[in-house]
Every structure is written in structure tokens, then in C-alpha cells.
Amino acid sequence: MADDKLRLTEKLEKKACEEGFVAFGIAPASLAPQTGKRLQKWLAEGAHGTMIWMEGRADERADPKRLWPEVRSVIMLGMSYAPKIDPFALADQGDRGRISVYAQGKDYHDVVKKALKRIAGWLVGETSDVYPDVGVKVFVDTAPVMEKPLAEAAGIGWQGKHTNIVSRDHGSWLFLGAIYTTLELSPSPSGEDSCGSCNACQDICPTNAFPAPYQLDARACISYLTIEHEGPIPIEYRKAMGNHIYGCDDCLAVCPWNKFARAAAANKAFLPRAEMAAPALADLLALDDASFRAVFSGSPIKRSGRNRIVRNALIAAGNSADQALVPPVQALLGDDNEAVREAAQWALEELN
1 MADDKLRLTE KLEKKACEEG FVAFGIAPAS LAPQTGKRLQ KWLAEGAHGT MIWMEGRADE
61 RADPKRLWPE VRSVIMLGMS YAPKIDPFAL ADQGDRGRIS VYAQGKDYHD VVKKALKRIA
121 GWLVGETSDV YPDVGVKVFV DTAPVMEKPL AEAAGIGWQG KHTNIVSRDH GSWLFLGAIY
181 TTLELSPSPS GEDSCGSCNA CQDICPTNAF PAPYQLDARA CISYLTIEHE GPIPIEYRKA
241 MGNHIYGCDD CLAVCPWNKF ARAAAANKAF LPRAEMAAPA LADLLALDDA SFRAVFSGSP
301 IKRSGRNRIV RNALIAAGNS ADQALVPPVQ ALLGDDNEAV REAAQWALEE LN
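With UniProt numbering, letter number 191 in the sequence shown gets 191, and the count goes up by one each step, no holes.
The structure is reproduced here in C-alpha cells:
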């Protein structure tokens, strides 16, 4: 029986590789008790900001069996999106907006989920003779699943001081996906923390969003502010945002383990679209709802909506010292959205 499970795991890993995943491991269908305690403490401190959807199903996040009582194993997979171009390349180009590497190509939710479904379907078919009632569920960042602790438990890597998964082979550039299954599979050795004394990710953060290593205050994180936060951006973070208009890769990009990540290993679906690699702020400021949907079709950015992206572009414009942006900024002083109008007023004052 043990040999059969080993062979199944080997075939499963091969199938995952064929579907574009570069990291694979099996985690038990449970997490250490301290994982849930840390989550509850983080929520109690309000460090999740306005992401109140994280509160309602916290128990299911902390325990896979709360989400699905029948689960016996969790298959964790990682798909690389390692960039070819230095994420800091646009930092000093004030007339351009910086979009997080993960959002420059196709929407990872769609790409990863389709691959997970194919693997899950294969697994059911492969085991149907011996286990005719195998159950599977696939998850990609949209369910109450703690992908990062599970990925660490599956040996894909470890949660670094920036709180994201770090892989010895792929650095900080992995999309994670999970397959919950009723099959009892042998767990992989868990990942071991290899951050050591390095604090590069802590030191680089423009807004000091890390109160301590392995702790993130989302309320100060540029990714949260530009993607999740509604309404005006708090004044104290605007200058530090620079020209970030969707997400931030600074803490990921400085990780020394990235030197082992190969851009060639990245799924080609995540190659940057031309309009995402270095978007002109003037073009972003001119977006209305229809043009926004057209430009960002098939991108995860589309879910944030036009108003947030234009608001973010206005903050970047205010930080740019580019007088050529004054007219498009002025044109937004009468925008229908309050947060856009407020950001336009701030940007105009900064530019003057």
C-alpha cells in the first residue's frame, strides 16, 4: 500500500509538472495550532484593514477540516512568475506607473485554477479503480485557505520575513494553488526557514509595513492600499508610494533567494502585456469605465475597478514632478468619484 501511494505521488508530481507547476508537495490536512492563534491575533489587532471578509471564516482558514471535514491530504502546487526585467527598473521613471509583476500578464486565478482542475480530474480518474469515491476540491486565493502555511507544511518553501513563501529554487515568485482530497497521501517534509539574519525585505519597505519580522500590517502595505483599500489613500503613505499604481514587489524583489529563480521557468501566460509593463500615467488618468475594462480585460487589475486605478495614478502623478501631467490631473477635479476628486486635488497641489 505504501509503495502504491509513493508511485501515485510520483505520477501526480509528473502530472503537475506537465501542467506548468514547478513546485509540488503534500501537506497534512491540518495546521499547527499556533497558525490559527497568529491569525486570530492579527485580526484582533485590525492589521487586515478593511478586508473584513477575512474575519467571517477565520476558523475555516486555520483548519482545512473546518472547511471540508472529509479532506485527508492537501496537494500544494507552485507556478512560477519570475520576471525577466528588474521590478525596480521603473522606480525613477516618474511619468510611468509601476504594476506588480504578478498582474502584468494573464489573470493567475484563471490560469492556475484551470491547471488545478485538470490535475484533480486526472487524480480522480487515476485512482478510480481502487478508490472509486475520491473527492477533490481546488482553491486559488479565493477561498478561506491559508495557502502559505500549507505550502510550508508541504515543503514548497517557508514563509519568509515578508510573510510570503520563499523557495530555494524559485525565490519569492510563486503563485500557489491547493487541491484538497479525501485520499490519504504521505506528507512531504516541511519547509525550513532559511532567512537567517537577512532583513532586506524589512529594510526596503517604503511604508514600514512590517512591525517585526514575519509580521505584516496590511494597513500600511502599498499592495493593500492600491488594491484592497477603498476611498482616499491615507496622507502619510502617499509620498512613499512613489509611482506604484497596483501592488508592490519591493520586499519580494530584494530577497537574496531570487538569484536561484529562473525567468525561463515562469509560465508564459504571465509574460507582461505591453500595456502593463510600463503604462504612461497620462494614459491611466484618461481612463473612463469603458476604456478601463477594455485595457484590463483578462487581468486581475480589472477587479479593482477604474476608480481605484485612477486614484492610484493620481497619487503617482503628484509624486512625479512632471508638469506635463497637470492638464490630465486638472481634468479629474470634477470626476464623479469622491476619492478620485480628492486625489486629483492633492496631486495638483503637489505638482504646483
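Note that CB positions come from ideal geometry on N, CA and C, so glycine has one too.
Computed from a prediction, not measured in an experiment: that's the story for all the values here.
Is it buried or exposed, Val130, if we count other Cβ atoms within 10 angstroms and call 16 or more buried?
Exposed: under 16 other Cβ atoms inside 10 Å.
In the DSSP assignment, find the unbroken beta strand (DSSP E) run with Ser73 in it and report its ends.
Going by DSSP, Ser73 is part of the beta strand (DSSP E) stretching over 73 to 80.
For Tyr131, name the three-state secondary structure that DSSP assigns.
Note: Tyr131 maps to coil in three-state DSSP.
Kindly list the residues whose CB is nearer than 6 angstroms to the CB of Met276, restricted to its own chain and excluding five residues on each side of it in sequence; keep chain order.
For Met276, where only same-chain residues beyond five positions count, the Cβ hits under 6 angstroms are Ile99, Gln104.
Could you give the C-beta distance for Ala266 and Ser80, rounded to a whole number, given that I count them as a contact under 8 angstroms?
At roughly 5 angstroms, the Cβ-Cβ gap stays under 8 angstroms, so Ala266 and Ser80 are in contact.
Proximity winner among Glu349, Ala16, Glu338, relative to Lys114 (alpha-carbon distances)
If we check each option's Cα against that of Lys114, Ala16 comes out closest.
Alpha-carbon spacing of Asp289 relative to Arg306, whole angstroms:
The straight-line gap from Cα to Cα measures roughly 6 angstroms.
Judging by CA-CA distance, which residue of Thr207, His170, Gln345, Ala280 is the nearest neighbour of Ala263?
Considering only Thr207, His170, Gln345, Ala280, the residue with the shortest C-alpha distance to Ala263 is His170.
When you compare the CB positions of Ala280 and Gly46, do they come within less than 9 angstroms of one another, or not?
Cβ distance not < 9 angstroms, so Ala280 and Gly46 don't count as in contact.
Check whether the segment 162 to 169 and the segment 245 to 257 are in contact - that is, three or more C-beta pairs closer than 8 angstroms.
Touching, yes.
So what's Lys84 in DSSP terms, helix, strand or just coil?
Here DSSP, grouped into helix, strand and coil, assigns Lys84 to coil.
Determine the contact status of Leu287 and Ile301, defining contact as a CB-CB distance below 9 angstroms.
For the pair Leu287 and Ile301, the CB atoms are not nearer than the 9 angstroms cut-off.
Can you tell which of Asn352, Lys5, Arg341, Glu18 has the C-alpha that lies nearest to the C-alpha of Arg118?
Of Asn352, Lys5, Arg341, Glu18, the residue nearest in Cα terms is Glu18.
Helix, strand or coil at Lys137 [DSSP, three-state]:
For Lys137, the secondary structure class from DSSP, reduced to helix, strand or coil, is strand.
Taking buried to mean at least 16 other C-beta atoms within 10 Å of its own C-beta, is Asn352 buried or exposed?
Burial state of Asn352 is exposed, judged by a 10 Å Cβ sphere holding fewer than 16 other Cβ atoms.
If I measure Cβ to Cβ from Asp193 and keep anything under 7 angstroms in the same chain, skipping five residues before and after, which residues do I get?
Result list for Asp193: Trp158, in chain order.
What is the rounded straight-line gap between the Cα of Thr207 and the Cα of Phe270?
Looking at the two C-alpha atoms, the distance is approximately 27 angstroms.
Close-in-space but distant-in-sequence residues of the same chain around Pro232 (CB under 6 angstroms, 5 per side omitted)
Close CB contacts of Pro232 within its chain, under the 6 angstroms cut and outside five residues either way in sequence, are with Ala339, Glu342 (chain order).
Would you report the Cα separation of Ala153 and Glu55, rounded to the nearest angstrom?
Taking the straight line from one Cα to the other gives about 23 angstroms.
For the putative contact between Lys14 and Ser186, defined by C-beta atoms under 8 angstroms, what is the C-beta separation to the nearest angstrom?
Rounded, the Cβ-Cβ distance is 16 angstroms, inconsistent with contact.
Distance CB(Ile75)-CB(Gly125) smaller than 9 angstroms:
Cβ atoms of Ile75 and Gly125: not closer than 9 angstroms.
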